[in-house]
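S.K.: Sharing a structure below in structure tokens format, with a few things to ask.
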Amino acid sequence: MTIDAEYNYWDSPYGPGVNYNNVSTGVDYTPWLGEEFKYERHYGQEGVHEATGNYSKTYTDIDMGIPGFELDITRTYNSTDNRENRVFGRGWSFGYESSIKDYVNGAIKSVRLPNGGIQTFNVNSDGTFKAVDSRGKLEKKQDGSFLLTNKEQYQYEFNSKGYLSRIEDRNGNIIIVDVDNEGRITGLTDQAQRQVSILYSDGRITKITDPSGRTVTYGYTNGLLTKVTDPMGAVTTYDYDIEGYLNCITDNNGNTVEKVTYDHNKGENQHKISKITEIYGNVFTYEYDNINKKTTIKDINGRETIKWYDSSMYITNTKDAEGRLTTTEYYLDSAGINSFGEAKSETDRNGNKILYSRDANGNITKITNPDESTRIFTYDDKNNVTSQKDESGKYTFYIYDSEGKNLVRTVQPLNGTDIYTEGSNKNNFAIETYEYYSDSESEQLGYKTYGLMKFFTDAEGNRYEYTYDQYGNKAGVKDPETGKTKKYEYNYAGWNTAEISAEGNRTENIYDKNGKIEKQKLDGVVVNRTVYDLLGRKIIELDGNNYDSSDDDLENHDYTGEHGYRYTYNSNGTLRSMLDPEKHLTQYEYDIYGNIIKEIKKNGSIYTYEYDVMNRKIRTSFKANEESEPEILEEYEYMLLGDKKTKEIYKKYLNSTETAITSITYDYAGRPIREENADGTQKLTNYNPNGTISTTTDAMGSITYYRYDGMNRLTDKWTPIETSLYIYDKYIYDKLGRVVEERTSKKTVTYPNTEVNTEF
């Protein structure tokens, strides 16, 4: 007997509080209300999401340097996004396309994010909202619109129809999203009144034009996005399978960037990714074990990676190709659900475990390292970091304005431990201060952006003054010592077109339509010229000494001379060859993982490289030419030690019969702690809890000692010269960290256990 329990509303947050989709009694409750949310929350995560089988890819078609915001034109593909009437066709989301909708007769509000992902909010009995899977705050306004404030204090306003209409940063800078009654975005306007126009045909976006006139065009076949032409004219082509799923991406040169195969057979894995062919030619197959929440990925060489995940589709364990396991433990809510994806601990492949403590907003308040040292953080109610205490107990304090919008002071105790409060003796601290233009000042000066820094005062009291152009780009910085101003100029896209030094020297940058610098001039003289192909790769590069203006075809983005460096590329985008100005050619070959396996030098000699399953180099060989027999030059071995440290062994071949073997042992943070030399001697390095060096021991067993001040600057150093005798060096700094005095003792000293008292 099978009971149809479709569209239920059991447990929390939306359905059965279980860790599987079927039970042995035969009760099938799939789909339960809200089940799709646990999949859609992971939309926008690049590549294949191993738990959900979704394939995602994000493209930036136009980027602009907008102060306060990044007004980038982006689109994201999610293979399992089946929503209808998409402005870029099935599976695609536009980067400013967001909406809020009712779910379960208004019991839940779902917010669709620009990357296709989703956030959900339970509706309380009093009409307020409680975030289920994010740290956002949702409010309903009196006019029927909604306001979503994220953890970083950015605000997203949705109109009464539920469509995103406005974005505002913490300083009040806005982007207006013009949206019609069907939710289609027709234009964007930034804080400085620059506009992005969007054209449609048959409900699909066909052209986007930015404020500087750059355009991107979009073409469709049967309603599916099949062609995108960027501002430089480069074309990317998209193909789809018979079910309408993206299955091939091709670049402007006709090279396949990626191929995707799906399992469209009916069943629990329907429409999940089954195979990916990457640009290097490697093929990855995906095998899903939904009962055990495990996905196995195998490549063309049989290398296997296994991913385990929890009921919220977050990855919990990864077994790599070498069989080593990494683990992530997450915080769970009161119902035992991983709602936020916030890590509680992480264990690396060596077994080293890092613990994370968090506050009620999910902010990390303490990091406990594998050696049990800790780093402590505090926050204000806007989630700004207000203090940090490192592993050696040394503080940094961050002070914000009364509204928590902008940082106004950064404070470091000179002794590392004094607690800073209002009224503290400033002489005991290194203090940086930040002052900002008020909104009224910005308006009076014609600045169209709010929250611009007016003055920066460094820890020594030097006060730098900043001015801006009307769009909020930094136009000038006045040096307090010289009184002179360094100036900057920008184009309409916000790209830095010129810098004028305080002495009057002018550096100019000339860009292509994708924002790459093609030419640089210093006081009118060309100092650098670069040519790119349509894929944005550097193909010619020359300095002013090799530049000839008669060969320059800047209008067509070309340079016809035979000067400078020349680069060619393989179809997969890897560098194939480099020709230097002296016409010396170096060539490269690669494996299917993108590793260089062969390097042909200018004299015809050949270096070959081999790698292990973790893509670490294990051997370098040499041949004088193609006909020669290879000679091994060096070999590498990687070991995991019993104390969870790693060891790299380096074997250098001196000749056909002799080798020199050295090794380096690393701690959990990747810091070298022991270097063993070929002659049997060793060098040791000990660290303070915060990572500064405490002592080093040389090959003779002599120990050098280091001490630091409260700002982690080296102040004392004892270098051994005889048994128990040292040369003592003293370093004195100003509050900017500059060495103002360096002393060396006249006589040898012993290493002190208390204060240093010596003659200089």
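Adding 26 to a residue's 1-based position in the sequence shown gives its number in the working numbering.
All C-beta atoms, glycine included, are put in the ideal place defined by N, C-alpha and C.
Given the structure is predicted, the values throughout are model-derived calculations rather than measurements.
#1: Can you tell me which of the three DSSP states F95 falls into?
#2: Under a three-way DSSP split, which group does L251 fall into?
#3: Just to confirm the assignment: which complete beta strand (DSSP E) runs, minimum length 3, are found wholly within the segment 380-439?
#4: Tell whether a beta-carbon distance below 7 Å holds between F310 and D289.
#5: Do you know whose CA, among E469, K743, V74, T511, lies nearest R489's CA?
#6: What is the C-beta distance between G198 and D204, in whole angstroms, given that I count them as a contact (C-beta under 8 Å)?
#7: Report the rounded CA-to-CA distance for G239 versus A519, giving the unit in angstroms.
#8: Can you have a look at K292 and say buried or exposed, based on whether 16 or more other CB atoms are within 10 angstroms of its CB?
#9: Suppose only complete runs of 3+ residues qualify. What are the beta strand (DSSP E) ranges in the segment 564-647, listed by chain order?
#10: Need the endpoints of the beta strand (DSSP E) that D21 sits in, please.
#11: Return yes when the Cβ of K564 is within less than 7 Å of the Cβ of Y558, no when it is not.
#12: How would you write the range of the alpha helix (DSSP H) that Q181 sits in, first residue to last?
#13: Could you check whether K319 and Y340 sit closer than 7 Å to each other, using their CB atoms as the reference points?
#14: Identify the residues that DSSP records as bridge partners of T707: which are they?
#15: Which full runs of the beta strand (DSSP E) of 3+ residues lie inside the segment 162-241, going along the chain?
#16: Take R642 and list the residues in its own chain whose beta-carbon comes closer than 8 Å to its own, dropping the five residues that flank it on each side.
#17: Near G587, what residues of its chain come up, given a Cβ to Cβ distance below 7 Å and the 5 sequence neighbours on each side ignored?
#18: Would you call the segment 474-490 in contact with the segment 753-763, where contact means no fewer than 3 C-beta pairs closer than 8 Å?
#19: In angstroms, rounded to a whole number, what distance separates the CA positions of C274 and D359?
#20: Taking the alpha carbon of S631 as the reference point, which residue from S647, K474, D107, R196 has its own alpha carbon closest?
#21: For a test of the three-state rule: what should DSSP assign to L351, helix, strand or coil?
#22: Helix, strand or coil: which one does DSSP assign to K772?
#23: On the criterion of 16 or more Cβ atoms from any shown chain inside 10 Å, does R769 qualify as buried, or is it exposed?
#24: Helix, strand or coil for D374, going by three-state DSSP, please let me know.
#25: Can you find the residues in the same chain that come closer than 6 Å, C-beta to C-beta, to I675, ignoring five residues on each side of it along the sequence?
#26: Take R230 and list the residues in its own chain whose beta-carbon comes closer than 8 Å to its own, dropping the five residues that flank it on each side.
#27: Can you tell me whether H798 is buried or exposed? The criterion is at least 16 other CB atoms within 10 Å of its CB, across all chains shown.
#28: Check whether the Cβ atoms of A298 and G79 lie closer than 7 Å to each other.
#29: Starting from S468, follow the alpha helix (DSSP H) in both directions and report where the run begins and ends.
#30: Starting from D289, follow its DSSP beta bridges and name the residues at the other end.
#31: Between the C-alpha atoms of K420 and A456, what's the straight-line distance to the nearest angstrom?
#32: Can you tell which of E398, T175, Y731, N111 has its C-alpha closest to the C-alpha of Y694?
#33: Report the partner residues of W744 according to the DSSP bridge assignment.
#34: Given 8 Å as the limit, is there contact between the segment 467-475 and the segment 441-452, that is, 3 or more CB pairs closer than that?
#35: Report yes if the CB atom of A435 is closer than 7 Å to the CB atom of I425, and no otherwise.
#36: For the putative contact between P93 and G498, defined by C-beta atoms under 8 Å, what is the C-beta separation to the nearest angstrom?
M.R.: Looking at the atomic coordinates:
#1: Coil.
#2: DSSP, reduced to helix, strand and coil, places L251 within a strand of the structure shown.
#3: Whole beta strand (DSSP E) segments, 3+ residues: 390-394, 400-405, 411-415, 421-426, 433-439.
#4: Judged by beta-carbon spacing, D289 lies beyond the 7 Å limit of F310, meaning their Cβ atoms are not closer than that value.
#5: Nearest option by C-alpha distance: T511.
#6: Incorrect: roughly 20 Å between the Cβ atoms, too far for contact.
#7: Those two C-alpha atoms are separated by around 9 Å.
#8: With fewer than 16 other Cβ atoms within 10 Å, it is exposed.
#9: Runs found: 564-569, 591-595, 601-605, 611-616, 622-626, 632-637.
#10: Because the chain spans 27 through 786 in this model, residue 21 falls outside it and cannot be assessed.
#11: Yes, Cβ-Cβ distance for Y558 and K564 is below 7 Å.
#12: Not the alpha helix (DSSP H): Q181 falls in the beta strand (DSSP E), residues 181-184.
#13: No, Cβ-Cβ distance for Y340 and K319 is not below 7 Å.
#14: T707 is not bridged to any residue.
#15: If we require 3 residues or more, the beta strand (DSSP E) runs fully inside the segment 162-241 come out as 163-166, 172-175, 181-184, 190-194, 200-205, 211-215, 221-227, 230-235.
#16: The answer, listed in chain order, is Y662, Y664.
#17: So the list reads D574, D577, once near-sequence residues are dropped.
#18: Between the segment 474-490 and the segment 753-763 there are three or more C-beta pairs closer than 8 Å, enough to call the two in contact.
#19: Computed Cα separation, rounded: 40 Å.
#20: Checking every option, the nearest Cα to that of S631 belongs to S647.
#21: Shown here, L351 sits in a strand according to DSSP, grouped into three states.
#22: Note: K772 maps to coil in three-state DSSP.
#23: With fewer than 16 other Cβ atoms inside 10 Å of its own Cβ, R769 counts as exposed.
#24: Coil, per DSSP.
#25: Around I675: E663, S689.
#26: Result list for R230: V113, F114, G115, Y244, Y246, G249, L251, in chain order.
#27: Here the chain covers residues 27 to 786 and nothing more, so residue 798 does not appear.
#28: Going by the sequence as given, residue 298 is Lys instead of Ala. Judged by their CB atoms, K298 and G79 are nearer to each other than the 7 Å cut-off.
#29: In the DSSP assignment, S468 falls within the unbroken alpha helix (DSSP H) covering 465-471.
#30: Bridge partners of D289: K298.
#31: Roughly 13 Å between the two C-alpha positions.
#32: Nearest of E398, T175, Y731, N111 to Y694, Cα basis: E398.
#33: Answer by DSSP bridge pairing, in chain order: Y731, Y754.
#34: With contact defined as three or more Cβ pairs closer than 8 Å, the segment 467-475 and the segment 441-452 are not in contact.
#35: According to the sequence as given, residue 435 is Arg; it is not Ala. With contacts defined as CB atoms closer than 7 Å, R435 and I425 qualify as a contacting pair.
#36: Sure, about 3 Å apart at Cβ, within 8 Å.
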